[in-house]
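Report on the structure given below.
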Amino acid sequence: MRKGLSSFNLVSAALGLAFLYLPIAILVIYSFNASRLVTVWGGWSLAWYRELLADGAMLESAWVSVRVALVSATAATILGTLAAVALARGGRFRGRLLFTGLLYAPLVMPEVITGLALLLLFVAIGLDRGFWTITIAHTSVTLCFVAVVVESRLLTFDRSLEEAAMDLGAPPLRSFLLVILPLIWPAIAAGFLLAFTLSLDDLVIASFTTGPGATTLPIRIYSEVRLGVKPEINAICTLMIVLVALGVIAAAVLNRGRASRRAEAVDLTAKL
Amino acid sequence: MVERAQPIKPRLGPKRDFAPWADPAASPLVRFERVAKRFGAISAVGRLSLDIFAGEFFALLGPSGCGKTTLLRLLAGFETPDEGRILLEGADLAGMPPYRRPTNMMFQSYALFPHLSVERNIAFGLEQERMPKPQIAARVEEMLALVKLEGFARRKPDRLSGGERQRVALARALAKRPKALLLDEPMAALDKKLRAETQFELIELQAKLGTTFVIVTHDQEEAMILADRMAVMERGRIVQVGTPAEIYEQPSSRYVADFVGDVNLLEGRLTATGASESLVHGNGGVQLRIAQPVDAAPGALVWVALRPEKVRIGLERPTEARENALAGTVVDVGYLGNLSVYKVRLDDGALMTATLSNRTRLVERTIGWNDRVWLSWPPEAAIVLTR
Ligand SMILES: Nc1ncnc2c1ncn2[C@@H]1O[C@H](COP(=O)(O)OP(=O)(O)OP(=O)(O)O)[C@@H](O)[C@H]1O
Ligand SMILES: [Mg+2]
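Chains as they are written, first to last, in our numbering: chain C, 15 to 286; chain X, 2 to 388.
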């Protein structure tokens, strides 16, 4: 059989990738457009990036988004890790299956529903909508992603490591900090980056739970675009793409690095 | 049980007269008192009592699933007994968490911390005690020398061979100088040759340190080689405790006789028992003479247990009158290098095994397939089992 891609496969791959990335490529290229008109190419320029730096409202929103993402990702990482530890290490406690299901359900829950439910909750308990409601909402949505990543890492290593640490005189918390944490931190970091990027580009849930003075970047972009696309939007979007891509790549590298080292170790054992 | 003062196994120096279990005044290091542990409906350990003495090399032997690991984990504190007490030097261990117990465990998977180097693995337990740094360094060095891993201090566990990992695990468990070292099938992952070497090293190490070792194994040979005393377990209970020689020569039941080594079991009825001799009417219609009184009434169903290496095999009927003798046909001959194994179908249909050690170079086997042979043994060679 012929190795590599046949011309048919080549065309399908190209079509698929074009479908995925052409819009983004156009957006990125036009962010460097010298022309004021979005659809007319007027040569290369960094004008819109300069304009962006002068746009106080846009920068303000970006700052809100970054703060929300940082705080919610931190909270989600802590809570998600704890949930993962409980799931992976709690043994067969009553209602384990239910707990697992409850934790993973939000992964597939339509965002509109999650957003609406959170809005209703905040209204019901009389919480003023703004920075904190978005943050709480993002924490609750991204927590399960962290839990999934961390739990899968926890399940790859032997329970007796913790027992060995305890046997050698380390109480449970110290065992966790000295033995478990160093082994799962790449997964925790990956979970954090995932939560951070998810929060950064969320529009639906943020628009349900936002309030005055807390306009995140996606909300601002969306509302400005409705008034007409300015090239400046392309510039901010390009920056966001770069940030998100960096986050996703870092997360993948962190998890992959571990995985390949593990594979090596398995290899070594197999050879013996 | 027969009280024998000395273990048969050759020992280094002071171990020779070591038999605290025979001394009624000695108090045990570890005492299990009617300890029971259930997992749901499964009874993993059932009302088991056992004494282990300081300085002993003690082996827990039994088939898979009989509760050996559970017993060790109860002692280490990873499981809590549902019933009974576990005492260490007379003090109840109930409620004492694993990280406070003066015992250390060597795990079957070794459980080395993959992110720490060999020396940091060994130092881990000492750091938990807040031992001063220079002392830790000295102890780590001592431990590395003890297990002959001097050059490996900075290696990570995933860059070690199986045998080296095993030694790191041993050094780590010994570093805190535990009152008892618990070893759960420590040699299961090693190949045969390395296992034999390691067994010898373990014996040496234990004799040198004097630490109490409790080892779990399902390999009867390993238990016999290593242990001062061993306990044979069956479904959560201990069926016999004794020195390897006692267990081998005086098994208390067919289960023990069969589990520890190979054995021929001849079923029969007890016809008479005296002070020094008993007679059993074998199912094949032959009278068997055993130089041992039997604790059963005449007419009881009993089994004559006979180790294959104690059976003589010959083409002629033995002339000695007291000798037990059975006729049969050779159905299989196995050559194992050091031994030849003969399977003989007796005239009553039962199968018996006899092994002969090949003392001279075997050029031509004198006894072969389908030969009519006589199996014989003196009355002192066999014992009678009532269970
Ligand atoms: N955590 C547990 N939950 C439920 N059942 C268990 C648990 N641990 C052990 N058991 C059961 O208890 C019994 C004894 O197990 P244990 O591990 O002590 O056996 P073992 O003698 O060490 O066997 P092996 O030689 O296979 O290691 C088994 O039937 C096992 O299935
Ligand atoms: Mg076991």
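Yeah, the Cβ is synthetic: ideal placement off N, Cα and C, and Gly gets one too. Just so you know, these numbers come straight off a predicted model, no measurement behind them.
Check	Outcome
Assigned secondary structure, residue 336(X) (DSSP; H/G/I helix, E/B strand, else coil)	strand
Against chain C: residues of the stretch 95-110 of chain X by CB proximity under 7 Å	99, 100, 105, 106, 108, 110
Bridge partner(s) assigned by DSSP for residue 193(X)	In DSSP, residue 193(X) forms no bridge with anything.
Residue 109(X) - containing beta strand (DSSP E), residue span	It is not in any beta strand (DSSP E) - residue 109(X) carries neither H nor E in the DSSP assignment.
Which of helix, strand or coil DSSP assigns to residue 367(X)	coil
Closer than 8 Å: residue 64(X) CB and nearest ligand 1 heavy atom	yes
Within chain X, the residues that residue 175(C) reaches when beta carbons sit closer than 7 Å	112, 114
Proximity below 9 Å, CB of residue 30(X) to CB of residue 106(X)	no
Partners in chain C for residue 177(X), counting only beta-carbon separations shorter than 9 Å	182, 183
The stretch 196-207 of chain X in contact with the stretch 197-210 of chain C per 3-pair CB rule at 8 Å	no
Neighbour flag for residue 188(C) against chain X, beta carbons, 9 Å	yes
Nearest-angstrom Cα separation, counted from residue 81(X) out to residue 95(X)	8 Å
CB contact check: residue 68(X) to chain C, cutoff 9 Å	no
Beta-carbon proximity of residue 147(C) to residue 90(C), cut-off 9 Å	no
Interface flag, residue 200(X) vs chain C, CB-CB below 9 Å	no
Contacts of residue 178(C) in chain X (Cβ-Cβ under 7 Å)	108, 112
C-alpha distance - residue 80(C) paired with residue 79(X), whole-angstrom precision	46 Å
Distance cut 7 Å, beta-carbon to ligand 2 heavy atom: residue list by chain order	69(X), 70(X), 109(X), 185(X), 186(X), 217(X)
Residue 279(X) versus residue 324(X): straight-line alpha-carbon distance, rounded	13 Å
CA nearest to the CA of residue 219(C), picked from 162(C), 173(C), 133(C)	133(C)
Same chain, Cβ closer than 8 Å to residue 352(X), neighbours up to 5 away in sequence not counted	332, 344, 345, 346
Cβ-heavy atom distance, residue 237(X) to ligand 1, below 8 Å	yes
6 Å Cβ shell around residue 180(C) - same chain, five flanking residues per side excluded	189
Within 9 Å, strictly: CB atoms of residue 305(X) and residue 386(X)	yes
Start-to-end residues for the alpha helix (DSSP H) that takes in residue 152(C)	145-168
Contacting positions in the stretch 194-218 of chain C - beta carbon closer than 9 Å to chain X	196, 197
Own chain partners of residue 378(X) with C-beta closer than 8 Å, once the 5 adjacent residues on each side are dropped	307, 311, 312, 313, 324, 325
Length of the line joining the Cα atoms of residue 246(X) and residue 33(X)	24 Å
Nearest residue (CA-CA) to residue 284(X), options 88(X), 302(X), 102(X)	302(X)
Endpoints, alpha helix (DSSP H) assigned at residue 219(C)	218-223
For residue 129(X) and residue 176(C), the rounded distance between their alpha carbons	14 Å
Given 8 Å, three or more beta-carbon pairs between the stretch 194-208 of chain C and the stretch 162-170 of chain C	yes
CB contact check: residue 268(C) to chain X, cutoff 9 Å	no
Endpoints, the alpha helix (DSSP H) within which residue 293(X) is located	No alpha helix (DSSP H) contains residue 293(X), which DSSP labels as neither H nor E.
Burial state of residue 36(C) (16 or more Cβ within 10 Å)	exposed
Residue 77(X) classed as buried or exposed, judged by whether at least 16 other C-beta atoms fall within 10 angstroms	buried
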